[in-house]
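**Student:** Submitted below is the structure of interest, expressed as structure tokens.
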Amino acid sequence: EAGVAQSPRYKIIEKRQSVAFWCNPISGHATLYWYQQILGQGPKLLIQFQNNGVVDDSQLPKDRFSAERLKGVDSTLKIQPAKLEDSAVYLCASSVRGRDTIYEQYFGPGTRLTVT
Amino acid sequence: GNSVTQMEGPVTLSEEAFLTINCTYTATGYPSLFWYVQYPGEGLQLLLKATKADDKGSNKGFEATYRKETTSFHLEKGSVQVSDSAVYFCALSPRYSTLTFGKGTMLLVSP
Chain F
3 EAGVAQSPRY KIIEKRQSVA FWCNPISGHA TLYWYQQILG QGPKLLIQFQ
53 NNGVVDDSQL PKDRFSAERL KGVDSTLKIQ PAKLEDSAVY LCASSVRGRD
103 TIYEQYFGPG TRLTVT
Chain B
400 GNSVTQMEGP VTLSEEAFLT INCTYTATGY PSLFWYVQYP GEGLQLLLKA
450 TKADDKGSNK GFEATYRKET TSFHLEKGSV QVSDSAVYFC ALSPRYSTLT
500 FGKGTMLLVS P
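Here the protein sequences come in this chain order: F and B. With the working numbering as the guide, the letters of the first sequence map in order to residues 3 to 118. With the working numbering as the guide, the letters of the second sequence map in order to residues 400 to 510.
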């Protein structure tokens with residue numbers, strides 16, 4: 003089966019500009035996640051969707067970040083305006099409930115954002 | 400809150416050496432524990448998992464045992480290969496909840 007798709011793979015922008023990332027999860031996966039991975043750190047959850055509803059966005063900087071998952075399939079994460087500290091890899095993951103209630107997550111290749 | 404602490408890298412080994420990457424965690428309740436691997440230029444892949452105390456997860460020659468008494472989930476492999484060079488992330492997930500990752504440990508294996 004096809005994996006999680008993300009685009010673009012790389013993006014360079016200047017501070018105060020806007021940027022958007024796109025994610026298409028594995029077919030049939032109801033749960034979708036966006037993570038931010040700063041160089042040298044582990045991924046940090048930004049937002050989790052269940053179908054097209056938000057489950058957890060407690061760590062999303064809502065003054066500049068927004069995300070949507072219309073129709074409960076693909077998703078877009080936007081940053082407006084970008085800051086230097088937003089330079090990171092943005093990972094999308096999707097999951098389906100497995101055995102023992104464990105939500106096994108499958109990750110896309112990520113989008114590497116550089117803000118100059 | 401939940402947190403994961405991993406040993407700092409890079410870990411540098413020769414091919415066929417024994418590997419241990421330490422991981423300890425802090426969590427309420429009884430979380431599931433995971434090891435993810437990230438090869439250069441690729442996304443994270445689940446390597447192995449354990450869902451309850453004393454469970455041993457294993458895959459591709461890697462093993463880790465869920466130790467509740469020491470709150471640890473150390474990753475081991477008896478004989479590493481050059482192709483194992485990657486960044487390894489320990490993570491935990493309470494039931495129905497999201498993943499909390501450690502900072503990652505880079506492994507470099509030389510021929």
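The beta-carbon is built from N, C-alpha and C at its ideal position, and this holds for glycine as well.
Considering only residues of the stretch 28-105 of chain F, which uninterrupted beta strand (DSSP E) runs meet the minimum length of 3 residues and lie entirely inside it, listed in chain order?
**Tutor:** Counting whole runs of 3 or more residues, the stretch 28-105 of chain F contains the beta strand (DSSP E) stretches 33-39, 46-52, 55-58, 67-70, 77-81, 90-99.
**Student:** Taking 6 Å as the limit between beta carbons, can you name the residues of its chain near residue 16 of chain F, skipping five residues before and five after?
**Tutor:** Contacts found: 118.
**Student:** List, from N- to C-terminal side, the beta strand (DSSP E) runs of 3 residues or more that fit wholly inside the stretch 419-446 of chain B.
**Tutor:** Complete beta strand (DSSP E) runs here, min 3: 422-425, 431-437.
**Student:** What are the residues in the stretch 482-509 of chain B lying within 9 Å of chain C by C-beta distance?
**Tutor:** Absent from the structure is chain C; the protein chains it does hold are F and B.
**Student:** Note down, in chain order, all residues in the stretch 406-436 of chain B with a beta-carbon under 7 Å from any beta-carbon belonging to chain F.
**Tutor:** Cβ contacts with chain F come from 431.
**Student:** Which residues in the same chain as residue 484 of chain B place their Cβ atom closer than 7 Å to its Cβ, once the five residues preceding and following it in sequence are excluded?
**Tutor:** Answer for residue 484 of chain B: 506, 507, 508, listed in chain order.
**Student:** Check whether the Cβ atoms of residue 504 of chain B and residue 486 of chain B lie closer than 8 Å to each other.
**Tutor:** Yes, the Cβ-Cβ distance between residue 504 of chain B and residue 486 of chain B is below 8 Å.
**Student:** Opposite residue 487 of chain B in the DSSP bridges: which residues?
**Tutor:** BP columns for residue 487 of chain B point to B:436, B:504.
**Student:** Residue 47 of chain F to residue 60 of chain F, Cα distance in whole Å?
**Tutor:** Those two C-alpha atoms are separated by around 9 Å.
**Student:** Could you tell me how far apart the beta carbons of residue 110 of chain F and residue 442 of chain B are, in whole angstroms, since I believe they sit closer than 8 Å?
**Tutor:** With 8 Å as the limit, residue 110 of chain F and residue 442 of chain B qualify as a contact, their Cβ atoms being about 5 Å apart.
**Student:** Return the residues of the stretch 43-68 of chain F that lie within a Cβ-Cβ distance of less than 9 Å from chain B, sorted by chain order.
**Tutor:** Taking 9 Å as the Cβ-Cβ cut-off against chain B, the residues of the stretch 43-68 of chain F that qualify are 43, 44, 45, 46, 47, 50, 57, 58.
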